[in-house]
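**Q**
In the working numbering, the protein residues as written are 440 to 515.
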């Protein structure tokens, strides 16, 4: 699972799978779900993410994480 935040558009994409998206559905204004060819959810796109979620805090509970990678985004 990968979280990608794009400050220039204030959008957050949650990549749930490495499978390609072939279908997208907007479920509420600004929130789009992406599905693979078999109908499985592969990603979530959230516009105006900072207005919907607190992006300064990330907490997990009981996730079976075997690899944690963090990269910093530098603001120019």
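Built from N, CA and C at the ideal position, the CB exists for glycine as well.
What do you get for residue 466, buried or exposed, if any count of 16 or more other CB atoms within 10 angstroms of its CB means buried?
**A** Walking along the chain shown from the start, residue 466 turns up at place 27. Residue 466 comes out exposed.
**Q** Do residue 452 and residue 482 have their CB atoms nearer than 8 angstroms?
**A** Taking the chain shown and counting its residues from 1, one reaches residue 452 at position 13. Taking the chain shown and counting its residues from 1, one reaches residue 482 at position 43. A contact, by the Cβ cut-off of 8 angstroms.
**Q** Find the nearest neighbour of residue 493 within the set 450, 440, 441, judged by alpha-carbon distance.
**A** Position 54 of the chain shown, counted from the start, is the residue given in the question as residue 493. That would be 450, whose Cα lies nearest to the Cα of residue 493.
**Q** In angstroms, rounded to a whole number, what distance separates the CA positions of residue 441 and residue 473?
**A** Translated into the one-based positions of the chain shown, residue 441 becomes position 2. Translated into the one-based positions of the chain shown, residue 473 becomes position 34. Roughly 14 angstroms between the two C-alpha positions.
**Q** Between the Cα of residue 443 and those of 499, 501, 486, 504, spot the shortest distance and give me the residue it belongs to.
**A** For the purposes of this step, residue 443 is taken as the residue at position 4 of the chain shown. That would be 486, whose Cα lies nearest to the Cα of residue 443.
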